[in-house]
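Which chain is which? The protein sequence lines are A and B, in order.
Residue 6 in the numbering used here sits at position 5 of the first sequence; the count goes up by one each step and never skips.
Residue 540 in the numbering used here sits at position 546 of the second sequence; the count goes up by one each step and never skips.
Where is the CB? At the ideal position from N, CA and C, for every residue including glycine.
Just so you know, these numbers come straight off a predicted model, no measurement behind them.
Down below is the structure, laid out as C-alpha cells.
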Amino acid sequence: MSNPGRDWEDGTPERLYVITGGRSGPVSPVPLDLVTLIIAKTGPRPGMQPEHAAIMRMCRSPLSVAEISAYLALPVSVVTVLLGDLITAGHVLSRPPVAPAKLPDLALIEAVIDGLRKL
Amino acid sequence: MVRVGSSPGSPGATSPVVWALPALATAVAAAVAVAAVSAPARTPVAWVGAVAFAAVALACAVAARRSRAVAVLRAAVAAQEAALARQQTETVRLAQELLPDVVERLRKGEFPEEVLASLEEPGTHGPGLTPEFRAAHQAVLRSVLEAVVAEEDLRDSAQRAFVNIARRVQAIVHQQAQELRDMEDRHGRSPDVFGDLLRLDHGTALIGRLADSIAVLGGARPGRQWSKAVPLYSVLRGAMSRIIDYQRVELHSVSQVAVVGPAVEPLIHALAELLDNATRYSPPQTKVHLTAVDVNSGIAVEIEDGGVSMSEEARRRAERMLRQAQEGIDLADLGETPRLGLAVVGRLSQAYDFQVSLRASAYGGVRAVLVIPQALITASSAASGVAHGIGTASGPRAALPAAGAEAPPAAVEAAPAAVEARPAAGEHAAASDDAPAAVRPPAAARPATGPRHPEDDDVPLVTERTATGLPQRRRRTRAAAPDETAAAAPAAPAAPAAAAAAPEPEPGMWLAAFQGGLTGDTSSKTVPSRRAAASPNTDASPNTASKGEQP
C-alpha cells in the first residue's frame, strides 16, 4: 500500500476466470492452435459478451488465434475458450493452417526479397 | 420566638406567656392558701406555696426551652427535606437527561472539554443547591465523560488496528493478484497450469474481498482507488469475480454507461456482497440473475435469486440491519459468527448514496435492488478503462478503429508485462505471433497522432528509418482495406510494401490485403484459403524486413 492504486490504475476490475466462466481447457469442438485462422461469419450480435463481440469484429478478415490473443491482451487459453464458444454457436469458422508441403518455393521468396532489396 | 410560634405543624402556640401561666396559677393558689389558712399555719403553707411555685416555674421553664428546641429542629428537618427533594430531582435529571445528552454529544464528535464547559454554565442546575453538591455532580459527569472518551479512544484504536491489518492484507492480495495475472499471461498456453492459476486467482480475490469488508467496517475505504471511469459491465463482472459461485451468476442486459472512478470500488464491493448473499442463500443448481437498467434516479442493478423467499419478518430484519449499518456499526457488535455482508452494504450505501432494498422475487427468492445515483454515472464513451482494452463501443468496422482506439489501452496494459510476457509469447508463438509483438510498440506510439484513417494516409511511400537504422517505407493504409479492390491492382509490389511496413498494427488486415492482391478476389470465402496458403510467405517477409538482423 506504499503506492496505493498506482500500479493497478490501468487494470480492470474483472479477473480472467469471470471472462471464461471458470473454464481453462479446450472446449472447442475443433482443435485450435496458435496459427489457426478464425473468420467471423457475421458482425457482432447485440447481447454478446464484449470479448465475443470484439472477436467477431476483429475477425471480419481472417486472424490467427495468436493475433486475437495479442489484440485482446488476453492469454491464449482464454481466447481459446472464447473461440470455442463462438465456434460451438456457429458464429465463427476456424481454418487450420496449411501443411508445410503446400508452401511456395523458398527460392521464390528469396528472389522476391532480393528483388526488393535492389529497389 | 416568632419562628416557634409560626412553625408549621406545631400543636398550639407555645409562647413563654403560656408557659408562665402554670407558675402564676401556682403562685396565686399559694397566696390564696396563705390568706385562707390560720395564722400559725401561714408560714409553712407559704413555704410550701413558695416551693411549689418554684418547682412549677422551673418545670415550665424547662418545658418552654425544650419546646423551642423542638420547633427549631422541626424547621431544620423541613429545610433538609426540601433540600433533599431538590437534590433528588437533580440526581434524576442527571441520570435521565444530562448523562445521555452528554454521551450523545460525545458520540457526535464534540470535544469532551466543550461538553464539560457547557455543563458548568449557570442555569444547567436547578436552584437551591449547595456548591458542594454541584461540584460533586460535575465530578460525576467528568468521570463519566472520561470513561466514555477512554472507551471511544480504545475502540478507535482497535478499529484503526483492524483497518491497518486489512490494508496490509489488501496490499499483499493486490500484489499477488497482479503477479497471478502476469503468470496467467505467461502460462496462457498450457491449459492445466492456466486452470490452476485461475483457481488461485479466484481464491485470492475472495481473500481480498474479506480484507475489504474489514476495512469498510473499520470505517475506511474499500481497497484500491480508480482514477478513471469504468464501464458498468466491467464493474458488474468485477463484482462477480469476487464471489465463490460466480459461475451461477447470469449477467443480462447492462446499460451502456460507466461508473465514475471514486465509486467503482465501493460499488464492486457492495454488489459482490449482495451477489454473495444471493448465491449463498439459494440452491446450488439455481442461477442468480444480474441486470442493470436505467431508472429515473440513476441505474438500478438488480440481483434476483431463485432461493427460498424471505419471510416478511426476515426481510424487515435484513432491512433493519442495513439501516443500522448506515448509522454506523461497531466491530464488537458483529457477534461470534459475523454476517458482514449486509453490514458492509449498509455502510457503503450510506457513504456513497446507493439505495438498497430487498424484496421478494418473482422467481421465489430475493430480489435485491441497488440504485446507483445519477451523480456517480457517466457516459460510457468517457470510460477509458474498457474491459481488457476491448472497445465495446467501437463500430462494426473494427479493423482500423481497433488499431487506433483499442490497441493503446491494450498496449498500456501490456507494457509492464511486456518484458517477460512478450518474450514468453514469442517463444511459444509461431511466426505469426511475432508479427503482433513486433508491431505493438508502434501501436502504442500511435495515439499521439490520433487514429489513422485510410483517407488521411494517402501519402505515398514515405521513407523512414527503423530503430535498427534500416530504411523503411510506410505502406499505404489504403491497401489494408480488404474490400477496396484498388488494393488488388499492383499485386506483387503491394505485397512487399505491406511486408515492409512495420508500424502497421493490423497484420490480419494486410495479410488479407496481400491475399486480395494476389488473387484479385476479396470475397471472404476465397480469401482465407488462399491467404492460408501464402501466410508463411507473408509471415516470413516482415521478419526479414523489419528485423533484418535476426537469423
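Secondary structure at G23 of chain A: coil, using DSSP grouped into helix, strand and coil. Bounds of the beta strand (DSSP E) holding D288 of chain B are 282 to 289. Distance between L226 of chain B and E306 of chain B, taken at the CA atoms: about 32 Å. Distance from the Cα of E146 of chain B is smallest, within the candidate group B:L113, B:L174, B:H131, B:R99, for B:R99.
The beta carbons of E259 of chain B and Q219 of chain B sit closer together than 8 Å.
Taken in chain order, the members of the segment 29 to 42 of chain A whose beta-carbon sits within less than 7 Å of a beta-carbon on chain B are L35, V36, L38, I40. For L342 of chain B, the enclosing alpha helix (DSSP H) starts and ends at 334 to 346. Going by DSSP, R96 of chain A is part of the beta strand (DSSP E) stretching over 93 to 96. Within the same chain, and ignoring the five residues on either side of L230 of chain B in sequence, the residues whose Cβ sits closer than 8 Å to its Cβ are L245, V248, L265, L284, A286, V295. Neighbours of F156 of chain B in chain A, taken as residues whose beta carbon is under 9 Å from its own, are absent, since the nearest beta carbon is some 15 Å off. Using a CB distance below 9 Å, no part of the segment 343 to 364 of chain B faces chain A. Here the C-alpha atom of L75 of chain A lies approximately 17 Å from the C-alpha atom of D190 of chain B.
In chain order, G22, G23 make up the part of chain A whose C-beta sits under 8 Å from the C-beta of Q241 of chain B. Among the residues facing chain A, S249 of chain B is not included, as its CB has no counterpart in that chain under 8 Å away. Interface annotation, R16 of chain A: in contact with chain B, CB-CB separation under 8 Å. Among the CB atoms of chain A, none fall inside 8 Å of the CB of R149 of chain B. By the neighbour-count definition (other C-beta atoms within 10 Å, threshold 16), W13 of chain B is a buried residue.
Within 8 Å of the CB of A264 of chain B, no CB atom of chain A is found; the nearest one sits about 13 Å away.
By alpha-carbon distance to V251 of chain B, the top candidate from B:Q132, B:E108, B:Q368 is B:Q368. Within chain A, R16, L17, Y18 have C-beta atoms less than 8 Å from the C-beta of D195 of chain B, given in sequence order. Within chain A, the residues placing a beta-carbon under 9 Å from that of S228 of chain B are T13, P14, E15, P51, ordered along the chain. DSSP, read as helix, strand or coil, puts T372 of chain B in strand.
Nearest to G43 of chain B by alpha-carbon distance, out of B:A160, B:G335, B:L135, B:V22, is B:V22.
With a threshold of 8 Å between beta carbons, V79 of chain A makes contact with chain B. Across the structure, L192 of chain B and L120 of chain A are spaced so that their CA atoms are roughly 51 Å apart. Listed along the chain, the chain B residues whose CB falls inside 8 Å of the CB of G48 of chain A are S247. For a Cβ distance threshold of 7 Å, residue set P185, G189 of chain B lies close to G26 of chain A, ordered along the chain. Y240 of chain B sits buried, since 16 or more C-beta atoms from the chains shown fall within 10 Å of its C-beta. Counting C-beta pairs closer than 8 Å gives fewer than three between the segment 157 to 169 of chain B and the segment 37 to 57 of chain A, which falls short of the contact rule.
By the neighbour-count definition (other C-beta atoms within 10 Å, threshold 16), V56 of chain B is an exposed residue. At a cut-off of 8 Å between C-beta atoms, V258 of chain B counts as an interface residue with respect to chain A. CA-to-CA, the gap between R317 of chain B and T372 of chain B works out to about 28 Å. Exclusion of the five residues before and after R96 of chain A leaves L38 as the residues of its chain whose Cβ lies within less than 6 Å of its Cβ. Under a criterion of Cβ atoms nearer than 7 Å, the residues of chain A adjacent to E178 of chain B are, in order, L17, P76. Counting the other CB atoms within 10 Å of its CB gives Y18 of chain A a total of 16 or more, which places it among the buried residues. Put simply, the segment 79 to 99 of chain B touches the segment 121 to 130 of chain B. At least three CB pairs are less than 8 Å apart.
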